[in-house]
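A quick write-up on the structure given underneath.
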Amino acid sequence: MIASHPGTILVDNMLIKGTAGGPDPTIELSLKDNVDYWVILDPISQRLYLNSTGRVLDRDPPMSIQSIVVQVQCINKKVGTIINHEVRIVVRDRNDNSPQFQQQRYYVAVNETSNRTFDIPLTLSGAVVLRERLNYEEKTRYFVIVQANSYCKRYMDVLMEWLAMDDAY
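Under full-length UniProt numbering, the first residue of the sequence shown is numbered 1, with each subsequent residue one higher.
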């Protein structure tokens, strides 16, 4: 993307045959489905801009914007045909937020005869892999510290407590 007017970023130079300006325009361009006006169309230069003036475009909560989709409607003024072009802008994550847990502690009951991998109840994804099976006769509680990392080296610890269940479970 190329920087342009303050608060906007050039998204696309469209190469639609015809001219939308001047004394005898051959096409008419307009935007459809432009929710929250994230996209600006310059029909004469056939350019699309991302409009981030005065607001934040963020893939992470609370915004959670994964992509922006608009339709560029092109009307051929000579014959009257209408063609809609879909433009999809995919928002990438900058890793600008630290990982967060919803609770300070999580409690999980695990059968000691279960396999060695089990999910942990977090918002996104994760799994705990045990090096060996749990032994209820030897130990009935395990405390594990789970650390979430992002690519920008921000992290947060949370204490998770697993209760090993007895063999008859």
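Positions of the beta carbon are idealized from the N, C-alpha and C atoms, including for glycine.
Residue of the options minimising C-alpha distance to residue i
i, options, result
"TYR107", "TRP38, PHE143 and SER67", "PHE143"
"ARG70", "SER64, GLU86 and VAL110", "Sequence inspection shows Val at residue 70; the Arg mentioned does not correspond to that position. The residue with the shortest Cα to Cα distance from VAL70 is GLU86."
"MET63", "VAL72, ASP93, LEU50 and ARG88", "ASP93"
"LEU10", "ASN51, ASN135, THR113 and VAL90", "ASN51"
"LEU31", "GLN103, ASP42 and ARG131", "ASP42"
"ARG88", "ILE65, GLN103, GLN102 and LEU130", "ILE65"
"ASN97", "GLY18, TYR37, VAL39 and ARG59", "ARG59"
"ILE109", "THR140, VAL129 and GLN103", "Just to set this straight, residue 109 is Ala in the shown sequence, not Ile. Per the Cα distances, THR140."
"VAL90", "GLU132, TRP38 and GLU138", "TRP38"
Contacts around residue i, its chain only, beta-carbon distance under 7 Å, and the 5 residues preceding and following it disregarded
i, result
"GLU28", "ALA20, ILE75 and LYS77"
Contact set for residue i: own chain, Cβ-Cβ below 6 Å, skip 5 residues either direction
i, result
"MET160", "Note that MET160 has pLDDT 46, beneath the 50 cutoff, so the model's placement of it is unreliable and the number below is only indicative. Excluding positions up to five away in sequence, the list reads TYR106, VAL144 and VAL146."
"ILE82", "ILE75"
Host beta strand (DSSP E) of residue i (start-end)
i, result
"ILE27", "27 to 32"
"ILE65", "Where ILE65 is concerned, there is no enclosing beta strand (DSSP E), given that its DSSP letter is neither H nor E."
"ASN135", "Where ASN135 is concerned, there is no enclosing beta strand (DSSP E), given that its DSSP letter is neither H nor E."
"VAL140", "Per the sequence shown, residue 140 should be read as Thr rather than Val. Run containing THR140: none; DSSP gives neither H nor E here."
Same chain, Cβ closer than 8 Å to residue i, neighbours up to 5 away in sequence not counted
i, result
"ASP33", "VAL69, VAL70 and GLN71"
Minimum Cβ-Cβ distance from residue i to chain C less than 9 Å
i, result
"PRO25", "Here chain C cannot be found, since the structure has a single protein chain."
Please determine if the stretch 11 to 30 and the stretch 46 to 65 are in contact, where contact requires at least 3 C-beta pairs separated by less than 8 Å. With the cut-off at 8 Å, the stretch 11 to 30 and the stretch 46 to 65 touch.
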